[in-house]
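When we follow the working numbering, the leftmost residue of the sequence shown carries the number 212, and every step to the right adds one.
Note that the Cβ used here is the ideal one computed from N, Cα and C, for glycine as well.
Just below is one structure, and these are the notes that go with it.
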Amino acid sequence: MKYLNKILETNEITPDMREKAERLYLEAKSRAENLPLTFGEDAQLMLSNHLMALIKRVLEGRLTDPMEEEMLSEISEKAWEYADIIAGPLFVEAGIEKDRTELFLVGTHAEMAMAAEAAR
Numbered sequence: 212m213k214y215l216n217k218i219l220e221t222n223e224i225t226p227d228m229r230e231k232a233e234r235l236y237l238e239a240k241s242r243a244e245n246l247p248l249t250f251g252e253d254a255q256l257m258l259s260n261h262l263m264a265l266i267k268r269v270l271e272g273r274l275t276d277p278m279e280e281e282m283l284s285e286i287s288e289k290a291w292e293y294a295d296i297i298a299g300p301l302f303v304e305a306g307i308e309k310d311r312t313e314l315f316l317v318g319t320h321a322e323m324a325m326a327a328e329a330a331r
């Protein structure tokens with residue numbers, strides 16, 4: 212809830228999608244918080260903003276353009292797994308196929324959190 216109002220405003224969430232966007236965001240954040248990842252303050256804000264932007268794209272049916280498969284290999288299998296846990300249910304609920312580019316983008320947050328933890 213810490214960043215919710217700010218990211219709703221930043222992502223221009225319309226009143227007609229606000230309730231659903233809030234619910235999906237809180238569910239995704241809860242899944243992220245239950246993973247063995249530690250997100251610093253800045254990382255939490257970036258992930259929160261990214262999740263809301265993703266939710267908006269899913270609700271509007273306007274996903275990010277696909278990335279080249281070569282780029283998608285830049286994160287670990289563990290980051291892919293975490294991304295699917297965090298964001299996969301958004302696609303399932305919307306009744307659309309999970310998008311590898313969108314999952315990759317969420318996975319970069321998990322990868323950065325794992326790298327930060329390993330550096331400690």
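Nearest-angstrom beta carbon gap, residue j and residue i [assumed within contact, 8 angstroms]
i      : j      : result
Thr312 : Met278 : 5 angstroms
Leu314 : Ala324 : About 16 angstroms separates the two Cβ atoms, so there is no contact after all.
Glu322 : Ile286 : 5 angstroms
Asp310 : Leu262 : Not a contact, Cβ separation roughly 14 angstroms.
Where residue i sits in the DSSP three-state scheme
i      : result
Gly306 : coil
Phe315 : helix
Ile286 : coil
Leu248 : coil
Gly299 : helix
Asn222 : coil
Rounded separation between residue i and residue j - CA only
i      : j      : result
Lys232 : Glu281 : This sequence places Ala at residue 232; Lys is not what is there. In a straight line, the C-alpha of Ala232 is about 32 angstroms away from that of Glu281.
Ser259 : Glu292 : 18 angstroms
Phe302 : Asp276 : 16 angstroms
Lys267 : Ile224 : 7 angstroms
Leu219 : Leu256 : 12 angstroms
Glu288 : Met228 : 33 angstroms
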